[in-house]
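Since the structure comes first, as structure tokens, the remarks are kept for the end.
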Amino acid sequence: MQITFADAEFASKKKQTRRDRLFADLESLVPWPVLEAVIEPHYPKTDGKQGRPAMGLSRMLRMYILQQVMGFSDEGTEDAVYDSAAIQLFMGIDLGRDAVPDATTLLRFRRLLETHNMTQQIFAAVNYQLATQGLYLKEGTVVDATIISAPPSIKNESKSRDPEMRHAKKGNQYYFGMKAHIGVDAASGLVHTMVTTPANAHDVTQAHALLHGEEQEVYGDSGYQGVEKREENKGKKVDWVIAMRHGKRRKLRESGTEEGRLVDKIEQLKSQIRAKVEHPFYWVKVHFGHRKTRYRGLAKNTAQLYSLFALANLFLSKRCMSLAG
1 MQITFADAEF
11 ASKKKQTRRD
21 RLFADLESLV
31 PWPVLEAVIE
41 PHYPKTDGKQ
51 GRPAMGLSRM
61 LRMYILQQVM
71 GFSDEGTEDA
81 VYDSAAIQLF
91 MGIDLGRDAV
101 PDATTLLRFR
111 RLLETHNMTQ
121 QIFAAVNYQL
131 ATQGLYLKEG
141 TVVDATIISA
151 PPSIKNESKS
161 RDPEMRHAKK
171 GNQYYFGMKA
181 HIGVDAASGL
191 VHTMVTTPAN
201 AHDVTQAHAL
211 LHGEEQEVYG
221 DSGYQGVEKR
231 EENKGKKVDW
241 VIAMRHGKRR
251 KLRESGTEEG
261 RLVDKIEQLK
271 SQIRAKVEHP
281 FYWVKVHFGH
291 RKTRYRGLAK
301 NTAQLYSLFA
311 LANLFLSKRC
321 MSLAG
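Written as structure tokens, this is what we have:
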């Protein structure tokens, strides 16, 4: 990416904002050549219009990553490129010289990734890179799920809700949407496996799909009670370390007995390990602002979630390496 004199002057004089720090982290954390190698075999050489060369792969990948971390729409991403000098610098664009990819071009790029399951390949490629750095120990897995809401309104073109989303009750509140189920490395907190379902699927039904096969212990909250008795988990040589139901734990704690105090300490230790599964959810939902589905159907939203969890792993890896250092 070529930087002009104006870009260099802008970067040196401007106060560094949170967005600037975000872009600097993306520049250093994302394995750009690796991801481009995943996409390149499927990337068109022309845009289909009179044989004109397609927009450069590197620029489109940067625009797509920008969209994911900022939570922009296709049109919002295009506008942001024109509005922000920091984004132009990140994408390597000089407005006086270079063409800016428009919203339709970004849409076609995203659909290309979806059609060829490339976001799942991107997720796998990122995890392979992190594994070579020794960040996956594979001795334990923490499983959990989160609900991602979908628009319940029928005020849209089809006059209907998304037919692949479902209602679910959590506590005293009802949600309409989907679930992202993840398996997280118990040592690093990095996501190694993800599956999605409608929101009404019980967490315990997907536990078997979240294991990589080399773990010795699997940690889960009380929603996974009875997981070891399910047919798909019989014969698995793992220790299921599942949290006690809150009511039972409270009674033991309030009993004042030595047994009650011991059980409470054990449950606290379990909670400390399980807490790592919340970090990827925090990055996806809070840092990247992905609290609601952006598209209709599980397939499109699943494709996006693979990208988001890959990016979450990269940012979490920075913390892991700083702690190790």
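Take the sequence shown: its letter number 316 is residue 316 in UniProt numbering, and every next letter is one higher.
We treat Cβ as the ideally placed atom computed from N, Cα and C, and that holds for glycine.
Predicted model, so just to flag it, every value in this text is computed and none were measured.
Beta carbon of residue i nearer than 8 Å to that of residue j
i: L316; j: H279; result: yes
i: A186; j: A145; result: no
i: V184; j: V284; result: no
i: A85; j: D20; result: no
i: D195; j: G223; result: A quick correction: the sequence has Val, not Asp, at residue 195. No; because the gap between Cβ atoms is not below 8 Å, this pair is not in contact.
i: Y306; j: Q120; result: yes
i: V191; j: N117; result: no
i: A207; j: N233; result: yes
i: I122; j: V38; result: yes
Cβ-Cβ separation, residue j to residue i (assumed contact under 8 Å), whole Å
i: K292; j: E114; result: Actually they are not in contact, since the Cβ atoms of K292 and E114 sit about 19 Å apart, beyond 8 Å.
i: L35; j: A125; result: 6 Å
i: T141; j: H212; result: 7 Å
i: G171; j: I147; result: That belief does not hold up - the Cβ atoms of G171 and I147 are roughly 11 Å apart, past 8 Å.
i: L269; j: E164; result: Rounded, the Cβ-Cβ distance is 39 Å, inconsistent with contact.
i: R249; j: E267; result: 6 Å
i: Q304; j: R319; result: Contact doesn't hold; Cβ gap of about 23 Å is too wide.
Buried versus exposed, by CB contacts within 10 Å (16 or more), residue i
i: R274; result: buried
i: R110; result: buried
i: L137; result: exposed
i: Y175; result: buried
i: H290; result: buried
i: I182; result: buried
i: S28; result: exposed
i: E40; result: exposed
i: S188; result: buried
i: Q272; result: exposed
i: E157; result: exposed
i: residue 356; result: Only positions 1 to 325 of the chain appear in this structure, which leaves residue 356 out of reach.
i: C302; result: In the sequence under discussion, the amino acid at residue 302 is Thr, which differs from the Cys named in the question. Result: buried.
i: A150; result: buried
i: P44; result: exposed
i: P101; result: buried
Sequence-distant residues of the same chain with beta carbon closer than 6 Å to residue i, five excluded per side
i: N200; result: R166, A168
i: residue 330; result: This structure cannot speak to residue 330, because the chain is shown only from 1 to 325.
i: P31; result: Q129
i: L252; result: G260, V263
i: A99; result: none
Own chain partners of residue i with C-beta closer than 7 Å, once the 5 adjacent residues on each side are dropped
i: D221; result: D144, A243, R274
i: Q88; result: V81, L95
i: E215; result: K138, E139, G140, T141, V238
i: N127; result: H192, N313
Nonlocal neighbours in the same chain, by C-beta distance under 8 Å from residue i, ignoring five residues either side
i: V69; result: L22, L26, H287, F288, L311
i: L106; result: M60, M63, Y64, Q67, D74, T77, E78
i: I154; result: S160, R161
i: S58; result: M1, W32, E36, G92
i: R18; result: none
At least 3 beta-carbon pairs within less than 8 Å: the segment 249 to 267 vs the segment 224 to 240 = Look at the beta carbons and you see the segment 249 to 267 not touching the segment 224 to 240: under three pairs across the two are nearer than 8 Å.
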